[in-house]
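Undergrad:
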Amino acid sequence: MSLSISLTVNGAVRDVTLNDARVTLLDLLRERLALPGTKKGCDRGQCGACTVLIDGRRINACLTLAATLDGAEVTTIEGLACGDMLHPVQAAFIDHDGFQCGYCTPGQIMSAVGLIAEGRAGTDPERIREGMSGNLCRCSAYHGITEAVLDATTRIAAEKARKSA
Amino acid sequence: MSDTLPYATRFGSNSGQSTSRRDGVAKVTGAATFAADNHPQGLLYAVYVPATIARGRVTHLDVAAAKAHPGVVEVMTPQNRPALAGDPDSKPFMFAFRFEALQDDTVRYANQPIALVLGETIEAATEGARLLNPQYQVMPPRVGLDAEAPYKVVVGNFGRPGETVHGDVAAGHAAAVQSVDVTYETPAQYHNAMETHAVVASWDGDQLTLDMPHQAIVMSRGVFGYYFGIPAENVLLRSPYLGGGFGSKSIANGPQVLAILAARMTGRPVKLMLRRDQMFGPVGHRGATRQRLRIGIDEAGHMTVLEHEALAATSTFDDFVENAANASQGLYAAGALRSAHEGVRIDIGTPGPMRAPGEASGSAALECAMDEMAERAGLDPLEFRLRNYAETEPGTGKPYSSKALRACYAQGAERFGWAGRPLKPRQMRDEQGMLVGWGMGTALFPAPMFAAQARATLRPDGSGLVETAAADMGQGAWTALAQIAADGLGLPLDKVEFRSGSSDLPDGGIAGGSGHTATAGTALHAAGVDAVRQLTAMAVSDPASPLFGAGNASIVARDGRLFVAEDASRSDSYADILARAGGQALVGTGSGGRAPEAAGRHAMYSHGAVFAEVKVDPDLFQIRVTRLVGAFAAGRIINPKLANSQLYGGMIWGISFALHEEARFDPRTGRIMNADFAGYHIPVNADVKGLEVITVHEDDPFVNALGIKGVGEIGITGTVGAIGNAIWHATGTRIRRFPIRIEDLLAHA
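Chains A and B, in that order, give the protein sequences. Counting with my numbering, you get residues 172 to 336 for the letters of the first sequence. Counting with my numbering, you get residues 2 to 750 for the letters of the second sequence.
(1) Using the Cα positions of D573 (chain B) and W479 (chain B), report the straight-line distance between them to the nearest angstrom.
(2) Would you verify that the beta carbon of S21 (chain B) is, or is not, closer than 8 Å to some beta carbon of chain A?
(3) Locate the alpha helix (DSSP H) running through Y227 (chain B), then write down its first and last residues.
(4) Which residue's Cα is closest to the Cα of G595 (chain B): B:F703, B:L383, B:G489?
(5) Just the C-alpha distance for Q484 (chain B) and S16 (chain B), rounded to the nearest angstrom, thanks.
(6) Opposite Y191 (chain B) in the DSSP bridges: which residues?
(7) Any Cβ of chain B within less than 8 Å of the Cβ of M303 (chain A)?
(8) Please name the residues in the region 21 to 41 of chain B whose beta-carbon is closer than 9 Å to at least one beta-carbon of chain A, in chain order.
(9) At which residues does the beta strand (DSSP E) containing E468 (chain B) begin and terminate?
(10) Measure the C-alpha to C-alpha separation of C218 (chain A) and W729 (chain B) and round it to an integer number of angstroms.
(11) What is the DSSP secondary structure of T5 (chain B), counted as helix, strand or coil?
(12) So which residues on chain B does P207 (chain A) lean against when the C-beta distance must stay under 9 Å?
(13) What does L459 (chain B) pair with, by DSSP beta-bridge criteria?
(14) CB T187 (chain B) to CB T290 (chain B), shorter than 8 Å?
(15) Less than 8 Å between the CB atoms is what I'm expecting for V183 (chain B) and E308 (chain B), so what's the real figure, rounded?
(16) Is P283 (chain B) helix, strand or coil when you go by DSSP?
(17) Could you check the C-alpha separation between I176 (chain A) and A192 (chain A) for me, to the nearest Å?
(18) For W439 (chain B), which residues does DSSP report across the bridge?
(19) Tell me whether T10 (chain B) sits in a helix, a strand or coil according to DSSP, three-state version.
(20) Quick check on S177 (chain A) - is its C-beta less than 8 Å from some C-beta in chain B?
(21) DSSP puts G396 (chain B) in a beta bridge; with which residues?
(22) Beta strand (DSSP E) containing L132 (chain B): first to last residue?
(23) Note down, in chain order, all residues in the region 251 to 280 of chain B with a beta-carbon under 8 Å from any beta-carbon belonging to chain A.
(24) Mind checking R291 (chain A): buried by the 16 CB within 10 Å criterion, or exposed?
(25) Are the C-beta of M213 (chain B) and some C-beta of chain A separated by less than 8 Å?
(26) Going by C-alpha distance, which of A:A328, A:A238, A:D322, A:E301 is nearest Q261 (chain A)?
(27) In this structure, what does DSSP give as the bridge partners for G163 (chain B)?
(28) Taking the alpha carbon of T127 (chain B) as the reference point, which residue from B:K404, B:Y46, B:M95 has its own alpha carbon closest?
(29) The region 208 to 234 of chain A: which residues have C-beta closer than 8 Å to a C-beta of chain B, in chain order?
(30) If we call anything under 8 Å between Cβ atoms a contact, is T351 (chain B) one with M280 (chain B)?
(31) Measure the alpha-carbon distance for V59 (chain B) versus E101 (chain B) and round it to whole angstroms.
(32) Just mark P783 (chain B) as buried or exposed, buried being the case when its beta carbon has 16 or more other beta carbons within 10 Å.
(33) So what does DSSP say about I741 (chain B), is it helix, strand or coil?
(34) Are the C-beta of A1 (chain B) and some C-beta of chain A separated by less than 8 Å?
(35) At the level of alpha carbons, what is the spacing between D214 (chain A) and V180 (chain A)?
(36) Could one say the Cβ of V721 (chain B) lies closer than 8 Å to chain A's Cβ atoms, at least one of them?
In structure tokens:
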């Protein structure tokens, strides 16, 4: 079996020939496209470590078959910063110590970026906690994660307001 | 990166500053390389096949079917497994546990490896593993603490005695006017670091390179050298980042050893990453316990006796009995103290050290039993603890190196608003009608040191390079150790390069026991001081130096310059001193550890007090922790921001212990029924609110030269009991089994 797909990963078009229908997006990124920033924590959609954005929507890469992604636009943790300029969520995670070991962090950050873009949580910490609860953190950096998402939400809103002014 | 928030900064040293993580940018951009992120040329993928029975023999594996699957390269079974130089059933060193590396066809517990499949892709190896379709001769498994007769533990974990007695226990019971005799149970818990155990192994002749998360990086060279019959120096282990460890990444295990063996067998690099369900078995866990506590008090509420007995599960083939009863040894001033342990051998993987081993389970039971005693005596739980405050270590009479526990009680209680708490349960409701309860517990954790070495180099340009193989599993070693090292060198942090996390560096010791910062930090600081001492000797004897003739006793190092202490106008830069001496780098060395005589003089612990508020639905019995305040005294805090994160994390582990975590075994099969994150519950973000950490100032002149204790594990202790006690206070129901669940409260409704 061989299947060719073309997808955009972090802004670059990638033409991929899949020799195996079983390849997940997570394993495609990590083992075939040299993008190991996205992490495998459970491989069955229970921990959120592999969260990436597909067409702006957050999904678990481990539950997504690569073969279904022809034409999709994928954003991973490697595609978030602009050169040395961190995305506000990345910067906020550092400022608020929103991680310890850093393993769930790419997923937490992608999830936070998605949550903020969805606009569903706003600056209500309770709703942020709910909205981030698909991402497990065994080090339990939840206190800092919530603070970081709150802060990034404010920073992004301020940036938007500045641009539209 | 701005350090905006909400941490005070201080000036004069790098230590004490809330510096953001130096590995922060790497971790938020995906650039931090964890073991399984490595991808050498010619890589093969390994998948291990776990036993699906808990006891018996493997009678058949369909190797032909697996090998016939496209992309499957090799199948390793006991029939073709190459020899290991070291016997996996031997215990040649302290941290050696017996493990399964296909030495035969027996199954000792569910999930032990029974074969290893190698494939060109993960997909092929995974399918090959499925096709093996193992057949078994099944024997009835021994499940639970009552499956077998217990045995008495004579020598416990880490060489501690199985039983410790101080004073006359019988007299203590006889003198009691009131007493409690209660039994608590704690379940099997599994570390479940977010990064499962992984390895990328490459052989070049008899040189072995391992990308593997490890908590004892240099020690691991000798371990793998032993099993593979090569000198320790032939092993290079790289572990720059661990995706969590919690004790489980310090011990060699079967799957990783098999992957290394497979790399030698095939002549190709091999990557193995455990599946999440495979974390429940071959890589250790916190064993289940049943603990009986007997406390007696006199008329003044002073404890006449504290007797703590723990029964804990271990495997049928190795010994690791959770030393839970020792939690009662260093804390309360009871007239007589006894801690004793028993083990029971059942068909499980061998337990091992898991974050606060012994202390977490023991503290959970002790702090609840203390609450029961206070209740019976009609005393406020905090007042009861204060009446039994130990001014010296109970039993031994040793002075504490420092103990700011009174301040922890006072500051924690003040912040929480403990005063005025009703003594009786079911007295408080919130505006929604939820039952509200308040509970507290004392936190205690030893402050050990191990052994570490370090090297500090002053480069010709005046910058520093410091080196030790420390392990950062999230506690912040990359940052906190660099801060300490910079102080040793008298340099600002940004002038210090820190090399760590690789076994070709000086031995940074083990990241465990909450002693890593103290141990590796002492070594790094000493190495820096050694370099500065040599530099000073050069300067004061160099006629061209403004410091010439000053005598090295009067010199201080600061900001890359040496100064005469009483005359700051006389100074010389590191770079100038080195340039005049020929422009060579200067190397200092240092070691960290604690002399036995120093260890013997004082009792050394971190202390804390945790206050919990829970709300319980009076009809549905849903339990929520709504506030948790922990006040901790842990010596000198090197980086408040990172230390707070450790303490928050520990307290959330306490929430997890109290309300969430439990591996449930099927009594018919001995298999764990909830071996994944859907069934094995740990807190999610929505479970965590209202947390506050207070670090109480504590100077400790005895614990080590830097005054550092540790913060990695203490947060769990105290917290579990505080939550259990708060649930009683809310509902009037005392649950003596963790985790406390809705159904437990419903059963008493």
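Quick reminder that beta carbons are idealized off the backbone N, C-alpha and C, glycines included.
TA: Taking the definition as stated:
(1) 30 Å
(2) Cβ-Cβ to chain A under 8 Å: yes for S21 (chain B).
(3) 220 to 229
(4) Checking the displayed sequence, the identity of residue 595 (chain B) turns out to be Arg instead of Gly. Selected option, being the one with the closest Cα: B:F703.
(5) Near 5 Å, if we compare the C-alpha coordinates of S16 (chain B) and Q484 (chain B).
(6) When beta bridges are read from the DSSP output, Y191 (chain B) appears opposite no residue.
(7) yes
(8) S21, R22, D24, G25, V26, A27, K28, V29, T30, G31, A32, A33, T34, F35, A37, D38, N39, H40
(9) Under the DSSP assignment, E468 (chain B) falls in the beta strand (DSSP E) whose first and last residues are 465 to 468.
(10) Near 32 Å, if we compare the C-alpha coordinates of W729 (chain B) and C218 (chain A).
(11) Here T5 (chain B) scores only 38 on pLDDT, less than 50, and its place in the model is too uncertain to base an answer on.
(12) G31, T34, F35, A37, D38, N39, H40
(13) B:G465, B:L587
(14) yes
(15) Your pair V183 (chain B) and E308 (chain B) does not check out as a contact, with CB atoms roughly 11 Å apart and the cut at 8 Å.
(16) Here P283 (chain B) sits in coil by DSSP.
(17) 12 Å
(18) DSSP, once it has assigned bridges, lists B:E614 as partnering W439 (chain B).
(19) In this predicted model, T10 (chain B) has a pLDDT of only 37, less than 50, meaning its place in the structure is not dependable; the value taken from the coordinates is given anyway. Note: T10 (chain B) maps to coil in three-state DSSP.
(20) no
(21) Answer is none; G396 (chain B) lacks a bridge partner.
(22) From DSSP, L132 (chain B) is part of no beta strand (DSSP E) but of the alpha helix (DSSP H) over 123 to 132.
(23) M274, R276, R277
(24) exposed
(25) no
(26) The option with the nearest alpha carbon to Q261 (chain A) is A:D322.
(27) Looking at the DSSP assignment, G163 (chain B) forms no beta bridge with any residue, so it has no partner.
(28) B:Y46
(29) G208, T209, K210, K211, G212, C213, D214, R215, Q217, C218, A220
(30) no
(31) 13 Å
(32) Only positions 2 to 750 of chain B appear in the structure, and residue 783 (chain B) is not among them; the question remains open.
(33) coil
(34) Here chain B comprises residues numbered 2 to 750, so residue 1 (chain B) is not present and cannot be evaluated.
(35) So the alpha carbons of these two residues sit roughly 21 Å apart.
(36) no
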